[in-house]
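Chains A and B, in that order, give the protein sequences.
Under the working numbering, think of the first position of the first sequence as 25, with each following residue one higher.
Under the working numbering, think of the first position of the second sequence as 25, with each following residue one higher.
Protein chains: 2
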Amino acid sequence: MAQTTERRWRGRGADERKAERRALLMAAAVKVYSERGFRHSSVKAVCDEAGLTERYFYESFTNSEEMLVAVASASLEQMVSELQAKCAAVSPDKRLQTILFHYYGMLREQPAHARAFLVEIRGISPIVDAYLETATERFAELVVNSPLSRLSRTDRMVAIGAVGAIVHIALDWILNDFSAPIDDVVQAAEKLGTIIDGIEKAIRVA
Amino acid sequence: MAQTTERRWRGRGADERKAERRALLMAAAVKVYSERGFRHSSVKAVCDEAGLTERYFYESFTNSEEMLVAVASASLEQMVSELQAKCAAVSPDKRLQTILFHYYGMLREQPAHARAFLVEIRGISPIVDAYLETATERFAELVVNSPLSRLSRTDRMVAIGAVGAIVHIALDWILNDFSAPIDDVVQAAEKLGTIIDGIEKAIRVA
DNA sequence: CGGTGGTGACAATACAGATTGTCACTTCCC
DNA sequence: GGGAAGTGACAATCTGTATTGTCACCACCG
Numbered sequence: 025m026a027q028t029t030e031r032r033w034r035g036r037g038a039d040e041r042k043a044e045r046r047a048l049l050m051a052a053a054v055k056v057y058s059e060r061g062f063r064h065s066s067v068k069a070v071c072d073e074a075g076l077t078e079r080y081f082y083e084s085f086t087n088s089e090e091m092l093v094a095v096a097s098a099s100l101e102q103m104v105s106e107l108q109a110k111c112a113a114v115s116p117d118k119r120l121q122t123i124l125f126h127y128y129g130m131l132r133e134q135p136a137h138a139r140a141f142l143v144e145i146r147g148i149s150p151i152v153d154a155y156l157e158t159a160t161e162r163f164a165e166l167v168v169n170s171p172l173s174r175l176s177r178t179d180r181m182v183a184i185g186a187v188g189a190i191v192h193i194a195l196d197w198i199l200n201d202f203s204a205p206i207d208d209v210v211q212a213a214e215k216l217g218t219i220i221d222g223i224e225k226a227i228r229v230a
Numbered sequence: 025m026a027q028t029t030e031r032r033w034r035g036r037g038a039d040e041r042k043a044e045r046r047a048l049l050m051a052a053a054v055k056v057y058s059e060r061g062f063r064h065s066s067v068k069a070v071c072d073e074a075g076l077t078e079r080y081f082y083e084s085f086t087n088s089e090e091m092l093v094a095v096a097s098a099s100l101e102q103m104v105s106e107l108q109a110k111c112a113a114v115s116p117d118k119r120l121q122t123i124l125f126h127y128y129g130m131l132r133e134q135p136a137h138a139r140a141f142l143v144e145i146r147g148i149s150p151i152v153d154a155y156l157e158t159a160t161e162r163f164a165e166l167v168v169n170s171p172l173s174r175l176s177r178t179d180r181m182v183a184i185g186a187v188g189a190i191v192h193i194a195l196d197w198i199l200n201d202f203s204a205p206i207d208d209v210v211q212a213a214e215k216l217g218t219i220i221d222g223i224e225k226a227i228r229v230a
């Protein structure tokens with residue numbers, strides 16, 4: 025059996041170094057994707073940005089697409105958990121406003137993530153598209169504060185539609201270089217969110 | 025000066041033949057795009073589908089991307105004008121419902137177009153993205169029945185958001201192979217459209 | 001110190017697609 | 001009929017990228 029040698033190197037163990045490189049690559053990927061779009065992002069470009077060579081790319085990922093999904097998932101998870109944390113501290117009727125405010129705020133603070141995962145990600149491959157579907161549902165559940173499975177078919181579609189509205193408003197905002205004040209953006213999305221509030225309250229009562 | 029010879033060939037003039045080939049290519053493109061996505065659609069695949077050789081591709085388009093925009097624009101124009109025609113015959117308060125019903129109906133009748141231009145088109149290139157922005161605005165103006173320039177910044181974003189909702193509901197519907205009945209889909213979109221109705225009526229009064 | 005694991009630069013290979021070019025064959029016009 | 005425009009099949013070239021492999025050098029451990 026080949027036991028992992030775990031020899032130390034510049035102060036760190038093997039696993040630790042590997043994880044660092046993976047993280048470097050993922051951060052580099054976000055940047056590169058946001059600049060040229062996934063479609064025009066070569067493995068080499070990501071590696072150069074990370075200051076690593078291709079070898080280390082294939083150490084952590086089997087191919088380019090896998091990295092895309094990894095990076096997008098990580099970004100989504102971080103976002104969702106952050107939003108959940110914000111919501112926990114807030115009364116239920118401020119929920120939607122809170123989500124919107126922090127969601128748009130996060131996009132503005134991390135424009136590279138915003139461009140990478142809102143603008144550049146659709147239609148890459150069936151796998152990525154499937155992932156996106158999941159992400160949308162995840163976000164929708166966050167917004168209505170309930171598993172989608174508990175909703176009627178129509179309400180489910182309404183929730184999906186609301187996410188679409190929120191995201192498109194974000195896209196528009198991004199494409200206009202975040203020029204509108206965030207409060208206006210939140211307000212616009214909130215108007216559409218009224219409908220969601222209805223659903224969410226109905227669930228809370230039931 | 026090289027005068028166009030306009031020699032007849034199989035009954036048709038040169039311009040006519042060229043236009044036919046262009047049309048053949050565009051139809052083939054829709055089909056191929058919808059099947060594999062633009063990113064995985066080679067020029068050759070489109071030509072094969074059209075029953076023409078690459079030479080004729082470069083006769084009508086300078087590159088693959090130009091064809092994508094051409095095809096998408098044509099599809100959008102056809103859709104918008106069709107929807108406008110439907111609306112003309114209908115009382116203002118049925119406007120939104122009419123648009124939604126026919127929009128979703130058209131998608132279901134032409135699933136290839138739907139997949140090609142809703143699922144497969146984002147993040148191809150700056151040019152295509154710019155086109156998409158225009159398309160969204162065009163659709164938004166149709167929905168609120170007014171130039172966006174007449175709207176307040178917030179209302180403009182609401183309108184964009186509404187389009188996003190409508191489109192995302194469509195995406196979801198498509199990804200689930202149109203399994204929900206169209207009336208449910210329309211109903212879901214209409215709920216979100218309530219807000220738009222407000223905007224649209226305000227404009228009508230003013 | 002000496003050897004091995006770890007690393008970086010870079011070459012080698014493989015493949016796919018875009019774009020251009022060649023050539024034999026058809027249809028037309030005079 | 002004969003030459004030229006028009007056509008279709010396909011070769012040739014070019015470019016970019018993924019993926020694997022080589023090799024010299026460095027940092028650690030005993």
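Where is the CB? At the ideal position from N, CA and C, for every residue including glycine.
Looking at the secondary structure, which residues open and close the alpha helix (DSSP H) in which residue 131(A) lies?
Counting from 1 along the first sequence, the entry for residue 131(A) is found at position 107. Residue 131(A) -> alpha helix (DSSP H) spans 119-133.
What number of angstroms, rounded off, separates the C-alpha of residue 198(B) from the C-alpha of residue 37(B)?
Locating residue 198(B) in the second sequence gives position 174, counting from the first residue. Locating residue 37(B) in the second sequence gives position 13, counting from the first residue. Spanning the two alpha carbons is a distance of roughly 41 Å.
7 Å Cβ cut-off: residues of chain A touching residue 216(B):
Sequence index remark: in the second sequence, residue 216(B) carries index 192 (1-based). Here the neighbours are 182, 185, 186, 189, 216, 219.
Buried or exposed for residue 66(B), going by 16 or more other Cβ atoms inside 10 Å?
To locate residue 66(B), count along the second sequence from 1; it is residue 42. With fewer than 16 neighbouring CB atoms inside 10 Å of its own CB, residue 66(B) falls in the exposed class.
List the whole-angstrom C-beta distance separating residue 145(B) from residue 96(B), where the pair is believed to meet the contact cut-off of C-beta under 8 Å.
Residue numbering aside, residue 145(B) sits at position 121 when the second sequence is read from its first letter. Residue numbering aside, residue 96(B) sits at position 72 when the second sequence is read from its first letter. Yes, residue 145(B) and residue 96(B) are in contact; Cβ-Cβ is about 7 Å, under 8 Å.
Assess contact between the stretch 209-220 of chain A and the stretch 120-140 of chain A, defined as three or more Cβ pairs (one per stretch) separated by less than 8 Å. Is contact present?
yes
Can you tell me whether DSSP reads residue 60(B) as helix, strand or coil?
Counting from one through the second sequence, the residue named residue 60(B) turns up at place 36. Here residue 60(B) sits in helix by DSSP.
Cβ pair residue 148(A), residue 89(A) closer than 8 Å
Against the first sequence, residue 148(A) aligns to sequence position 124. Against the first sequence, residue 89(A) aligns to sequence position 65. Yes, Cβ-Cβ distance for residue 148(A) and residue 89(A) is below 8 Å.
Residues bridged to residue 36(B) [DSSP beta-bridge criterion]
Here residue 36(B) refers to the residue found at position 12 when the second sequence is read from its first residue. DSSP output for residue 36(B) lists 33(B) as bridge partner(s).
Relative to the C-alpha of residue 93(A), which candidate in 156(A), 79(A), 129(A) has its C-alpha closest?
Numbered from 1 along the first sequence, position 69 holds the residue referred to as residue 93(A). Minimum Cα distance to residue 93(A) is reached at 156(A).
Nearest chain B C-beta to residue 102(A) closer than 8 Å, yes or no?
Here residue 102(A) is taken as the residue at index 78 of the first sequence, counted from 1. Not one chain B Cβ lies under 8 Å of residue 102(A).
Please identify the residue among 87(A), 162(A), 106(A), 54(A) whose C-alpha is closest to the C-alpha of residue 128(A).
Against the first sequence, residue 128(A) aligns to sequence position 104. Minimum Cα-Cα distance from residue 128(A) among the listed residues 87(A), 162(A), 106(A), 54(A) corresponds to 106(A).
Note the first and the last residue of the continuous alpha helix (DSSP H) segment covering residue 150(A).
For this step, residue 150(A) is matched to residue 126 along the first sequence. Taken as a continuous stretch (DSSP letters only), the alpha helix (DSSP H) holding residue 150(A) covers 150-168.
Quick check: is the beta carbon of residue 145(A) nearer than 8 Å to any beta carbon in chain B?
Working through the first sequence from its first residue, we reach residue 145(A) at position 121. At least one chain B Cβ lies under 8 Å of residue 145(A).
Could you please tell me which residues of the stretch 196-210 of chain B, in chain order, have their CB closer than 7 Å to any CB of chain A?
196, 199, 204, 208, 209
Taking residue 177(B) as the query, report the chain A residues whose CB atoms sit under 7 Å from its CB, ordered along the chain.
As a position in the second sequence, residue 177(B) is number 153, starting the count at 1. Those within 7 Å of residue 177(B) in chain A are 204, 208.
Do the stretch 32-47 of chain A and the stretch 111-120 of chain A make contact, defined as three or more Cβ pairs closer than 8 Å?
no
For residue 209(B), which option in 153(B), 182(B), 109(B), 132(B) has the closest C-alpha, if you only look at C-alpha atoms?
For the purposes of this step, residue 209(B) is taken as the residue at position 185 of the second sequence. Closest option to residue 209(B), Cα to Cα, is 132(B).
For residue 34(A), count neighbouring C-beta atoms within 10 Å of its own C-beta (all shown protein chains included) and say buried if the count is 16 or more, exposed if not.
Within the first sequence, the letter at position 10 stands for residue 34(A). Per the 10 Å Cβ criterion, exposed.
Pick from 85(A), 191(A), 158(A), 204(A) that is closest to residue 45(A), judged by C-alpha positions
In the first sequence, counting from the first residue as 1, residue 45(A) sits at position 21. Of 85(A), 191(A), 158(A), 204(A), the residue nearest in Cα terms is 85(A).
Closer than 8 Å, CB to CB, is residue 125(B) near chain A or not?
Counted from its first residue, the second sequence places residue 125(B) at position 101. No, its Cβ sits nowhere closer than 8 Å to a Cβ of chain A.
So, residue 185(B) versus residue 74(A), is the Cβ gap smaller than 8 Å?
In the second sequence, the residue the question calls residue 185(B) occupies position 161. In the first sequence, the residue the question calls residue 74(A) occupies position 50. Against a cut-off of 8 Å, the Cβ pair of residue 74(A) and residue 185(B) comes out as no contact.
Length of the line joining the Cα atoms of residue 110(B) and residue 166(B)
Position 86 of the second sequence holds residue 110(B). Position 142 of the second sequence holds residue 166(B). Going by the C-alpha atoms only, they are around 12 Å apart.
Residue ranges of each alpha helix (DSSP H) run of no fewer than 4 residues wholly in the stretch 193-221 of chain B, ordered along the chain?
The qualifying runs do not exist here; there are none.
Compare the beta carbon distance of residue 100(A) and residue 162(A) with 8 Å and say whether it is the shorter of the two.
Walking along the first sequence from the start, residue 100(A) turns up at place 76. Walking along the first sequence from the start, residue 162(A) turns up at place 138. Their beta carbons are under 8 Å apart, which means residue 100(A) touches residue 162(A) by this criterion.
Between residue 183(B) and residue 172(B), how many whole angstroms is the CB-CB distance? I'm expecting something under 8 Å.
Along the second sequence, read from residue 1 onward, the residue named residue 183(B) stands at position 159. Along the second sequence, read from residue 1 onward, the residue named residue 172(B) stands at position 148. Right, their Cβ atoms sit about 6 Å apart.
Where residue 51(B) falls: helix, strand or coil (DSSP):
Here residue 51(B) is taken as the residue at index 27 of the second sequence, counted from 1. In this structure, residue 51(B) counts as helix in the three-state DSSP scheme.
Cβ closer than 9 Å: which chain B residues qualify as neighbours of residue 63(A)?
If you number the first sequence from 1, residue 63(A) lands on position 39. Within 9 Å Cβ-Cβ: 63, 147, 148, 149.
Could you spell out where the alpha helix (DSSP H) holding residue 79(A) opens and where it closes?
As a working note, residue 79(A) is residue 55 in the first sequence. Run containing residue 79(A): 78-84, per the alpha helix (DSSP H) assignment.
Please report the straight-line C-alpha distance between residue 61(B) and residue 70(A), rounded to a whole angstrom.
Against the second sequence, residue 61(B) aligns to sequence position 37. Against the first sequence, residue 70(A) aligns to sequence position 46. Cα to Cα, the separation comes out at about 24 Å.
For a contact meaning CB atoms closer than 9 Å, what does residue 227(B) contact in chain A?
For the purposes of this step, residue 227(B) is taken as the residue at position 203 of the second sequence. Result: empty, since nearest Cβ-Cβ is about 15 Å, beyond 9 Å.
Tell me which residues of the stretch 94-121 of chain A have at least one Cβ-Cβ distance to chain B shorter than 9 Å, keeping chain order.
none
Anyone know if the C-beta pair for residue 181(B) and residue 98(A) falls short of 8 Å?
Position 157 of the second sequence holds residue 181(B). Position 74 of the first sequence holds residue 98(A). Their beta carbons are not under 8 Å apart, which means residue 181(B) does not touch residue 98(A) by this criterion.
Are any of the Cβ atoms in chain A nearer than 8 Å to that of residue 157(B)?
Sequence index remark: in the second sequence, residue 157(B) carries index 133 (1-based). By this cut-off, residue 157(B) is an interface position.
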